[in-house]
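Going down the list, the sequences are from chains F and C. With numbering that gives the first Met the number 0, letter number 62 in the first sequence gets 61, and the count goes up by one each step, no holes. With numbering that gives the first Met the number 0, letter number 96 in the second sequence gets 95, and the count goes up by one each step, no holes. Have a look at the structure below, then the notes.
2 protein chains.
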Amino acid sequence: MARRELDLDLAVVISRITSALQRALADVLPEGDQLGPRHRTVLAFVQPDGSRAVDLARESGQHKQVIGTLVDELEALGYVRRAPDPTDRRAKLIVPTERGHRQIAGTAAAIADVERRLAAALGEPAYRQFKQSARRVAEILRES
Amino acid sequence: MARRELDLDLAVVISRITSALQRALADVLPEGDQLGPRHRTVLAFVQPDGSRAVDLARESGQHKQVIGTLVDELEALGYVRRAPDPTDRRAKLIVPTERGHRQIAGTAAAIADVERRLAAALGEPAYRQFKQSARRVAEILRES
Chain F
0 MARRELDLDL AVVISRITSA LQRALADVLP EGDQLGPRHR TVLAFVQPDG SRAVDLARES
60 GQHKQVIGTL VDELEALGYV RRAPDPTDRR AKLIVPTERG HRQIAGTAAA IADVERRLAA
120 ALGEPAYRQF KQSARRVAEI LRES
Chain C
0 MARRELDLDL AVVISRITSA LQRALADVLP EGDQLGPRHR TVLAFVQPDG SRAVDLARES
60 GQHKQVIGTL VDELEALGYV RRAPDPTDRR AKLIVPTERG HRQIAGTAAA IADVERRLAA
120 ALGEPAYRQF KQSARRVAEI LRES
């Protein structure tokens, strides 16, 4: 056990954080139970006036095909709808429904609360440093 | 876009890291394609001579019921088998198969490679600090 804790690899640490965040979100958002972490990530990037699938793919770091499936599921669950893009009649926009807006706002509030608690526990500068490094890690992994 | 990048919330950053790690593992381990991140996490904690489900649940931070399902799936895919626990005849041990051992070793090598690249890009002290903070974040979230 002690040995494992010391050299716990990055994938395991990240997976533990994901599980804990999921539980925190499930606690405050029982309505969101049907949503997995990837749904929430995609939903977090949907702009209030709609987003294109290609932009959601780039911003969330998922393949466009995966985004299509996740958007289908979000649509079936009533969180988004597809609407014609007023600037390009061949394209569709993914637009949050009323339920989607509520979910986006509720998730954002719950995550902000978790982040306030983490900043209080680690200290504000250490938490800011951690998040900055985490963003760099995500960028480096995306580029490589 | 720029605005979003600046205040990107913790859940989104962690989800991007997870996606990138998954891609890195899929690249080097085509055999592992059927395994999701939660399977890999559970498998990472299975000891060479077997582990009990209750220990896998504690170490991976998943509910015991979830562990049961993941172990069923890992067993169906041939990565683990259930065997009687020699120290407690009412209990079962989850033991890696030959395929499971290969997968555990391959995943560990791939993650170690990713971590070496991250340490080179961020600098060794900054990467060590990041991992230490990530472990603290996982602990704090688990306790709260």
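Built from N, CA and C at the ideal position, the CB exists for glycine as well.
Under a 10 Å Cβ-count criterion, Glu97/F is classified as exposed, with fewer than 16 other Cβ atoms of the shown protein chains found around its own Cβ. By alpha-carbon distance to Val41/F, the top candidate from Ala23/F, Thr68/F and Ala19/F is Thr68/F. Its chain contains Ala52, Leu55 and Ala56 as the residues whose beta carbon lies nearer than 6 Å to that of Ile66/F, once the 5 sequence neighbours on both sides are disregarded; these appear in chain order.
Distance from the CA atom of Val136/C to the CA atom of Pro85/F, rounded to whole angstroms, is 43 Å.
Bridge partners of Lys91/F according to DSSP: Pro83/F. If only complete runs of 3 or more residues are kept, the stretch 53-79 of chain F shows no beta strand (DSSP E) anywhere. For Ser50/F, the beta-bridge partners assigned by DSSP are Ile93/F. In the three-state scheme derived from DSSP, where H, G and I count as helix and E and B as strand, Leu117/C is classed as helix. For Ile13/F, the chain C residues whose Cβ falls inside 8 Å of its Cβ are Ile13, Ile16, Thr17, Leu20 and Ala133, in order along the chain. Annotation for Val45/C: no alpha helix (DSSP H) segment contains it, and DSSP assigns it neither H nor E. Membership of Leu140/F in the alpha helix (DSSP H) is indicated by the continuous run Glu123 to Glu142. Among the CB atoms of chain F, none fall inside 7 Å of the CB of Pro85/C. For Val136/F, a Cβ of chain C is located within less than 7 Å of the residue's own Cβ. Residue contact with chain F for Ala119/C: absent (no Cβ-Cβ distance below 7 Å to any residue of chain F).
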